[in-house]
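Asks:
In our numbering, the protein residues as written are 1379 to 1516.
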């Protein structure tokens, strides 16, 4: 399964309108292992010393369990439309698995997610790039 995801679509598979498994894999990895994990690790070790590595291991174990639960619930709660379009995401998980009376929470989650994407979505990347450019070019 991993190697077929790495190669992309299998021969003879029609993927019109869909993304390939490799594209899905790379988007999932970049969303999980973003710039915060690169700049954050260096900052944690510089500020906290070697003991920070231990706590990063502990949080990584918790994070792996959380990511597994998130992916499992996303697959369980997704919906395939009549035209083959796959609908899913955290809001779909809230609405389908918690119950329809919690739809307001799904809407609130989507709203706050959009606000955070504009507010802090690129802040770490921009700050990291600005620090490097300032260090080299003054």
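For glycine and all other residues, C-beta sits at the position ideal for the given N, C-alpha and C.
For the alpha helix (DSSP H) that contains residue 1405, what are its first and last residues?
Replies: Position 27 of the chain shown, counted from the start, is the residue given in the question as residue 1405. That run of the alpha helix (DSSP H) goes 1399-1410.
Asks: What is the DSSP secondary structure of residue 1464, counted as helix, strand or coil?
Replies: Reading the chain shown from its first residue, position 86 is the one you call residue 1464. Residue state, collapsed to three classes: strand.
Asks: Taking Cβ to Cβ, would you say residue 1487 is nearer than 9 Å to residue 1472?
Replies: Within the chain shown, the letter at position 109 stands for residue 1487. Within the chain shown, the letter at position 94 stands for residue 1472. Cβ atoms of residue 1487 and residue 1472: closer than 9 Å.
Asks: For residue 1410, which residues from the same chain have a beta carbon less than 7 Å from its beta carbon, with the 5 sequence-adjacent residues on both sides left out?
Replies: The sequence position of residue 1410 within the chain shown is 32, counting from 1. Cβ within range, chain order: 1445.
Asks: Within its chain, find whatever has a CB closer than 6 Å to the CB of residue 1490; leave out the 5 residues flanking it on each side and keep chain order.
Replies: Sequence index remark: in the chain shown, residue 1490 carries index 112 (1-based). Same-chain partners within the cutoff: there are none.
Asks: Quick one, are the C-beta atoms of residue 1457 and residue 1474 less than 9 Å apart?
Replies: Residue mapping note: residue 1457 aligns to position 79 of the chain shown, counting from 1. Residue mapping note: residue 1474 aligns to position 96 of the chain shown, counting from 1. In contact: residue 1457 and residue 1474 (Cβ atoms closer than 9 Å).
Asks: Can you tell which of 1460, 1467 and 1441 has its C-alpha closest to the C-alpha of residue 1453?
Replies: Working through the chain shown from its first residue, we reach residue 1453 at position 75. Checked all of 1460, 1467 and 1441; the closest Cα to residue 1453 is 1467.
Asks: Which runs of the alpha helix (DSSP H) spanning at least 4 residues fall entirely within the stretch 1407-1494, listed in chain order?
Replies: You should have 1413-1426, 1429-1455 and 1468-1471.
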